[in-house]
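*Asks:*
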């Protein structure tokens with residue numbers, strides 16, 4: 541036993557077989573009214589694992605994130621970050637301010653299993669597309685509202701972004717060195733983590749519905765999600781004091797920190813257990829450290845004065861070794877260590893490609909690129925990337941004909957009345973320059989007969 | 388209920404009209420009920436049985452806790468000395484010998500001792516797993532297999548078993564095999580995910596210019612939640628087909644794979660990002676600034692928001708400066724620094740309360756603007772955790788749960804997220820004395836006899 545474990549697992553997760561395997565959420569229909577990151581990530585999980593996700597946007601400008609890109613740089617006229625947030629979805633442009641637009645939406649909602657929205661609290665209800673309205677036409681609906689502080693409570697109307705939620709939850713004050721400036725959690729952790737908890741809510745509700753047939757309403761509060769991760773509350777209850785920022789030292793583990801190696805690389809080491817400390821002490825060539833009273837047990841090492849001392853010793857040692865030397869020792873002796881990777885190293889990582897979290901993908905509209913795949917590997921029902929995003933309204937014909945059974949004439953009337961619409965000719969919104977509208981069978985979807 | 392009746396703010400134009408008010412009243416009635424007690428309501432995955440094994444593996448511990456909140460029955464199996472995770476705690480603060488993170492995540496769990504080094508106890512483990520829907524493996528990859536109780540062996544017990552493995556590099560690939568001895572921590576997982584490389588101030592003196600750790604367990608909580616989402620997805624498949632499967636989370640990939648922007652940047656720029664301190668790569672201003680009496684958070688992300696901010700700060704004179712008329716997302720950080728200096732200077736003149744009041748007044752006015760062209764700039768207080776507790780909002784929502792620690796003290800822990808109307812997540816109990824549930828669990832799962840035979 542044990543010897544060939546990794547060939548056993550290799551076989552289970554062989555990525556070459558992904559396309560032959562079933563999808564766990566096949567047949568589940570999701571109506572996605574969300575924008576930016578937080579809400580769209582809820583339905584991204586569902587889309588990666590096989591649900592049919594119809595993303596409804598306002599005609600012309602659509603989701604704000606289409607035109608928001610890092611350092612304002614675009615890829616084939618699209619925002620590459622938006623691409624990574626909304627794969628596998630269908631894109632429909634409907635003007636919800638028009639009565640007929642709302643009717644179309646309600647009809648789509650009637651056929652759906654899940655609705656995702658992240659308007660401000662109460663707004664969807666006020667518009668008549670909230671849970672209480674949709675439940676009347678579709679009692680089994682699972683409806684998740686994602687907002688900053690939840691739909692209930694005195695702060696519910698208070699505005700929120702990732703950064704504001706970080707501020708209102710207290711997370712904002714925890715990153716940085718003591719006495720130095722405080723930093724935000726970058727890349728919108730305040731959207732991504734709450735989005736993941738939102739997906740969990742929907743998946744839990746889907747499990748509940750499989751068992752009981754009942755749908756429900758889910759109230760997802762961004763700031764609460766961040767508060768769920770903090771040790772501060774219980775620390776305050778026990779000590780009466782706030783837990784303050786401690787720079788690169790993780791106050792739950794001593795030693796711990798990010799250090800510079802002799803070859804100018806950054807590496808992190810953190811020691812959680814006595815076994816790991818003995819391993820580190822041996823690696824440092826000083827096994828006797830593990831027997832010294834002040835370092836001899838976790839309780840001792842975590843005392844601030846002892847932690848500082850052992851951290852300094854670790855830093856001095858790392859400064860005399862290369863990254864490779866330390867990682868070799870970590871492998872041999874078994875203590876937690878990792879190089880601090882950067883974006884370019886990540887995207888060139890063979891391991892991530894083998895896991896499937898990084899995918900070299902050839903898209904019908906956008907061609908070849910390297911994208912983010914599913915963050916979790918499932919043996920029998922792996923998630924997968926099927927398409928990148930499309931411009932606003934690209935799937936109007938496809939969705940309205942296939943699901944609402946509208947005729948070409950009805951669709952043309954909706955176009956004339958500006959109930960449904962498309963993109964405007966701006967970077968981030970328009971299709972790539974080489975795309976030929978007339979030749980695209982999905983954009984010009986004729987209906988089932990010619991499918 | 389005053390919360391429901393307070394004057395609608397910022398989007399008042401949508402909140403008038405009889406029908407709208409009816410919708411909202413109906414919604415409020417539902418919410419009020421939803422925020423009440425969970426008593427008598429079912430859990431989402433009630434009846435699902437979870438066995439958790441691990442060594443100082445917090446993602447596994449948190450993952451099991453979250454599944455427990457959703458109604459699963461969670462049995463945590465520990466070695467005779469206890470999981471070393473019990474000792475992991477901020478600044479060495481313990482209560483009754485238990486670390487605070489472990490206690491906080493001991494919600495709704497049964498704690499039993501089994502010595503998996505002994506065949507007799509491994510047999511008991513097989514009996515437990517034979518009745519479980521999910522085994523969470525937080526040990527070194529391959530360790531359970533060596534013991535004869537890994538996925539390869541357990542799946543023979545019943546085909547419906549879901550086996551969730553959580554480890555730094557996962558349980559498959561050559562890399563996973565090569566690195567299998569390296570244990571997981573939050574900090575190393577953040578680093579391998581590239582997260583610290585984009586945080587911090589490169590201009591600060593050493594070592595303050597180093598890559599910077601996120602001050603919460605950003606990787607551990609992300610990994611745990613990914614484990615929960617993976618499990619729930621596998622459970623849906625199981626409900627439909629009866630089939631279990633293996634689910635694999637790599638903590639060193641959790642942040643990079645779920646947030647993904649590092650990978651997108653890497654692909655589109657073919658070089659790494661450098662740290663940009665208080666700046667963002669997409670939005671400006673979007674960061675923390677020092678007011679007279681502490682930090683405020685400024686988010687003015689659209690052009691209209693930015694112009695609104697200039698009004699709030701009384702700096703409309705900057706509006707026609709050509710350098711800032713261009714898209715503010717220039718790659719020229721020097722221009723941003725200049726502009727930031729102006730904003731910093733202005734904010735430092737006011738107190739946090741003054742700035743918040745100006746923001747609220749401005750947005751009330753802007754909301755009435757027919758074209759909504761005045762933007763929605765935000766300058767709010769950057770709250771410390773102690774200040775967060777003063778907000779009545781969390782009390783009204785029941786965002787925290789109260790528990791008794793081993794020393795008999797009332798302690799506050801964060802409650803489950805999100806809130807659900809029919810199958811409510813909840814904290815039923817918080818306790819974790821080592822082996823305290825042995826008898827109860829052994830009896831329930833039919834291990835008693837085995838126990839006496841030993």
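Protein chains in written order, with this note's numbering: chain A, 541 to 991; chain B, 388 to 841.
Quick reminder that beta carbons are idealized off the backbone N, C-alpha and C, glycines included.
1. Look at the alpha carbon of residue 960 of chain A and the alpha carbon of residue 635 of chain A, and state the distance between them as a whole number of angstroms.
2. For residue 711 of chain A, is the beta carbon positioned less than 7 Å from some heavy atom of the ligand GDP?
3. Residues of the stretch 652-667 of chain A in Cβ contact with chain B at a cutoff of 8 Å, in chain order, please.
4. If we call anything under 8 Å between Cβ atoms a contact, is residue 595 of chain A one with residue 630 of chain A?
5. Assuming residue 932 of chain A and residue 599 of chain A form a contact by the criterion Cβ under 8 Å, report the distance between their Cβ atoms to the nearest whole angstrom.
6. Against chain B, with Cβ distances strictly below 8 Å, would residue 525 of chain A count as a contact?
7. Suppose you measure from the CA of residue 659 of chain A to the CA of residue 742 of chain A; what does that come to, to the nearest Å?
8. Indicate whether at least one CB of chain B lies closer than 8 Å to the CB of residue 935 of chain A.
9. Could you name the residues that DSSP lists as bridge partners for residue 498 of chain B?
10. Give me the DSSP bridge partner(s) of residue 756 of chain A.
11. Can you grab the Cα-Cα spacing for the pair residue 753 of chain A / residue 452 of chain B, in whole Å?
12. State buried or exposed for residue 972 of chain A, treating a residue as buried only when at least 16 other CB atoms are found within 10 Å of its CB.
13. Are the C-beta atoms of residue 816 of chain B and some chain A residue less than 8 Å apart?
14. Which residues, taken in chain order from the stretch 503-524 of chain B, show a beta carbon closer than 9 Å to some beta carbon of chain A?
15. Run through DSSP, which three-state label would residue 549 of chain B get?
16. Can you tell me where the alpha helix (DSSP H) with residue 489 of chain B in it begins and where it stops?
17. Would DSSP call residue 389 of chain B helix, strand or coil?
18. From the beta carbon of residue 600 of chain A, is the nearest beta carbon of chain B less than 8 Å away?
19. One question on the structure: do residue 842 of chain A and residue 794 of chain A come within less than 8 Å of each other, judged by their Cβ atoms?
20. Between B:690, B:687, B:782 and B:700, which lies nearest to residue 678 of chain B when the distance is taken from Cα to Cα?
21. By Cβ distance below 6 Å, which residues in the same chain neighbour residue 579 of chain A in space, the five residues on each side in sequence not counted?
22. At what residue ranges does the stretch 798-868 of chain A contain a whole run of the beta strand (DSSP E), taking only runs of 3 or more?
23. In angstroms, rounded to a whole number, what distance separates the CA positions of residue 678 of chain A and residue 738 of chain A?
24. Quick check: the Cα distance between residue 800 of chain A and residue 819 of chain A, rounded to an integer number of angstroms?
25. Where residue 681 of chain A and residue 600 of chain B are concerned, what is the direct C-alpha to C-alpha distance, given to the nearest angstrom?
26. Leaving out the 5 sequence neighbours to the left and right, which residues in its chain are closer than 6 Å to residue 899 of chain A when beta-carbon positions are compared?
27. Check whether chain A comes within 8 Å of residue 420 of chain B, counting only Cβ atoms and requiring the distance to be less than that.
28. Applying the 10 Å Cβ sphere with the 16-neighbour rule, what's the burial state of residue 493 of chain A?
29. Using the rule of at least 16 other Cβ atoms within 10 Å of the residue's Cβ for burial, across every protein chain shown, is residue 551 of chain A buried or exposed?
30. Determine, using beta carbons only, whether residue 807 of chain A and residue 858 of chain A come nearer to each other than 8 Å.
31. Output the distance between the C-alpha atoms of residue 690 of chain B and residue 778 of chain A, rounded to the nearest integer angstrom.
32. Starting from residue 648 of chain B, find everything on chain A with Cβ-Cβ shorter than 8 Å and list it in chain order.
33. Under 7 Å Cβ to Cβ from residue 566 of chain B, same chain only, skipping five residues before and after it: list those, please.
34. Are residue 795 of chain B and residue 814 of chain B close, meaning C-beta to C-beta below 8 Å?
35. Would you mind working out which of A:864, A:890 and A:575 sits nearest residue 878 of chain A, comparing C-alpha positions?
36. For residue 934 of chain A, does the three-state DSSP call read helix, strand or coil?
*Replies:* Taking the definition as stated:
1. Across the structure, residue 960 of chain A and residue 635 of chain A are spaced so that their CA atoms are roughly 6 Å apart.
2. Inclusion of the ligand GDP in the displayed structure is not the case, the ligand content being empty and no account of it being possible.
3. 660, 662, 663, 665, 666 and 667
4. Result yes, Cβ atoms of residue 595 of chain A and residue 630 of chain A sit closer than 8 Å.
5. 6 Å
6. The shown model of chain A, from 541 to 991, leaves out residue 525 of chain A, and the question about it has no answer.
7. 17 Å
8. no
9. Per the DSSP secondary-structure output, residue 498 of chain B pairs in a beta bridge with B:463.
10. A:682
11. Residue 753 of chain A and residue 452 of chain B: Cα-Cα distance of roughly 26 Å.
12. exposed
13. Any Cβ of chain A closer than 8 Å to the Cβ of residue 816 of chain B would place that residue at the interface, and such an atom is absent.
14. Taking 9 Å as the upper bound on Cβ-Cβ separation, chain A lies near no residue of the stretch 503-524 of chain B.
15. strand
16. 487-491
17. With a pLDDT of only 35 at residue 389 of chain B, under the threshold of 50, the placement of this residue in the model should not be trusted, and no figure is reported.
18. Cβ-Cβ to chain B under 8 Å: no for residue 600 of chain A.
19. yes
20. B:700
21. 656, 658 and 686
22. Runs found: 806-810.
23. Those two C-alpha atoms are separated by around 21 Å.
24. So the two alpha carbons sit approximately 20 Å from each other.
25. 41 Å
26. 911, 913 and 925
27. no
28. Here chain A comprises residues numbered 541 to 991, so residue 493 of chain A is not present and cannot be evaluated.
29. exposed
30. Contact check for residue 807 of chain A against residue 858 of chain A passes: the beta carbons are separated by less than 8 Å.
31. 46 Å
32. 610, 621, 624, 727 and 728
33. 555 and 556
34. no
35. A:864
36. coil
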